[in-house]
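Peer 1: The first sequence maps to residues 2 to 159 in this note's numbering.
The beta carbon of each residue, even a glycine, is placed where N, CA and C say it ideally should be.
Just so you know, these numbers come straight off a predicted model, no measurement behind them.
If you scroll down you'll find the structure; I have some questions about it.
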Amino acid sequence: MADRRYWIFKSEPTAYSFNDLLQEPGQTAEWDGVRNYQARNFMRDEMKVGDGVLFYHSSSKPLAVVGTATVARESYPDHTAWDPADQHHDPKSTPDNPIWFMVDIRGERQFTRPVILEEMKDNPRLRNMLLLRRGMRLSIQPVTREEWDEIVSLGSRG
DNA sequence: GCCAACGTTGGC
DNA sequence: GCCAACGTTGGC
2 MADRRYWIFK SEPTAYSFND LLQEPGQTAE WDGVRNYQAR NFMRDEMKVG DGVLFYHSSS
62 KPLAVVGTAT VARESYPDHT AWDPADQHHD PKSTPDNPIW FMVDIRGERQ FTRPVILEEM
122 KDNPRLRNML LLRRGMRLSI QPVTREEWDE IVSLGSRG
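Take a look at the structure:
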């Protein structure tokens, strides 16, 4: 898969954790609720089935990448935007003219140990990671092959 | 709980 | 189209 791309998805584990993903049927879940255009564009325009996903726990202890997932379904409209009862309801989005999109991801591997944010900051190989940039709040970010390899390698150590 | 760094909204 | 006000994110 020469053109496989890599991403990092942030999630607050109190809202949805990596463990929650692993307990889904088929370990697969809709990544719904994203209401940021840049993150949407990544999902809608750039993600392909098979892309790698680093699963990052934000606003938690520890702040860390805890495992990997893969994109299991290419983007399609996020139906939660049409649901008035949903927390992420957006009346501007309709089935005829959807604004928000999502992909499905499938849990792949839980790390043998979390790769914590502090450690990532100290790692010269991750110096340029978007995640570590001041003020970078995007919940979905692209990750380079090198960054992916480094983090997966760190997370695979005993 | 604080607050910096955003993104969005809406008046003009 | 500008930009102040506001809301949110997310590390600290």
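Inspect the beta-carbon positions of R36 and S76 and report whether they are closer than 8 Å.
Peer 2: Result no, Cβ atoms of R36 and S76 do not sit closer than 8 Å.
Peer 1: Can W8 and D52 be called in contact, C-beta distance under 8 Å?
Peer 2: In contact: W8 and D52 (Cβ atoms closer than 8 Å).
Peer 1: So, under 8 Å CB-CB, A70 and V54 are touching, yes? Tell me the CB distance rounded to an integer number of Å.
Peer 2: With 8 Å as the limit, A70 and V54 qualify as a contact, their Cβ atoms being about 4 Å apart.
Peer 1: Using the beta-carbon count (16 or more within 10 Å), is Y57 buried or exposed?
Peer 2: When all chains shown are included, Y57 counts as buried.
Peer 1: With distance defined between alpha-carbon atoms, name the residue in Q28, V72, V50 and S59 nearest to R138.
Peer 2: It is S59 whose Cα lies nearest to the Cα of R138.
Peer 1: If you count every other CB in all the chains shown that lies within 10 Å of the CB of K122, and 16 or more means buried, which is it?
Peer 2: Per the 10 Å Cβ criterion, exposed.
Peer 1: Do G27 and R126 have their C-beta atoms within less than 8 Å of each other?
Peer 2: Their beta carbons are not under 8 Å apart, which means G27 does not touch R126 by this criterion.
Peer 1: On the three-state DSSP scale, how would you describe E75?
Peer 2: If DSSP states are grouped into helix, strand and coil, E75 belongs with the strands.
Peer 1: For S12, count neighbouring Cβ atoms within 10 angstroms of its own Cβ and tell me buried if that reaches 16, exposed if not.
Peer 2: Per the 10 Å Cβ criterion, buried.
Peer 1: Have a look at Q39 and N124 and give me their C-alpha separation to the nearest angstrom.
Peer 2: Whole-angstrom Cα-Cα distance: 27 Å.
Peer 1: Within 10 Å of its beta-carbon, does D105 have 16 or more other beta-carbons around it, so buried, or fewer, so exposed?
Peer 2: Under this definition D105 is a buried residue.
Peer 1: With A86 and S94 assumed to form a contact (beta carbons below 8 Å), what rounded beta-carbon distance in angstroms separates them?
Peer 2: In fact, because the Cβ distance is near 15 Å, the residues do not count as touching under 8 Å.
Peer 1: Where does T113 fall in DSSP's three states?
Peer 2: Three-state DSSP puts T113 in a strand.
Peer 1: Give me the Cβ distance between F19 and I141, rounded to the nearest whole Å; I'm assuming they're in contact under 8 Å.
Peer 2: The Cβ separation is near 15 Å, so there is no contact.
Peer 1: Since I believe M103 is in contact with D79 (beta carbons under 8 Å), could you give me their beta-carbon distance rounded to a whole number of angstroms?
Peer 2: At roughly 4 Å, the Cβ-Cβ gap stays under 8 Å, so D79 and M103 are in contact.
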